[in-house]
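Numbering (the numbering used here), first residue to last: 348 to 424. Below is one structure, written out as structure tokens, with a few remarks after it.
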């Protein structure tokens, strides 16, 4: 499986890290690393996470919990 990031997703990840860094730079780095590792796992396990029941196509959008502090939704497949 090949992963690709939309411009919006990249922008969201940058903004999240910058937002957290204003309060706690160390936590921002830690959370950013956890998110990257979680996303990388999708290559081997594309159905990780929990289906988002309210999504237009719940089987294709899942919540991926990457730390106790962060959650992101990703299209599956």
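Quick reminder that beta carbons are idealized off the backbone N, C-alpha and C, glycines included. Owing to the predicted nature of the structure, the values given are computational and were not obtained by experimental measurement.
Query	Result
Neighbour-count burial assignment, residue 409, 16 or more Cβ in a 10 Å radius	buried
Cα-Cα separation between residue 384 and residue 405, rounded to whole angstroms	23 Å
Beta-carbon gap between residue 360 and residue 378 smaller than 8 Å	no
Other residues of its chain near residue 424: CB distance less than 7 Å, five sequence neighbours each side excluded	Interpretation of residue 424 is limited by its pLDDT of 47, a score under 50 that renders its predicted location unreliable; the figure taken from the coordinates is listed afterwards. These residues qualify, in order along the chain: 393 and 407.
Same chain, Cβ closer than 7 Å to residue 398, five either side skipped, listed in chain order	405, 406 and 409
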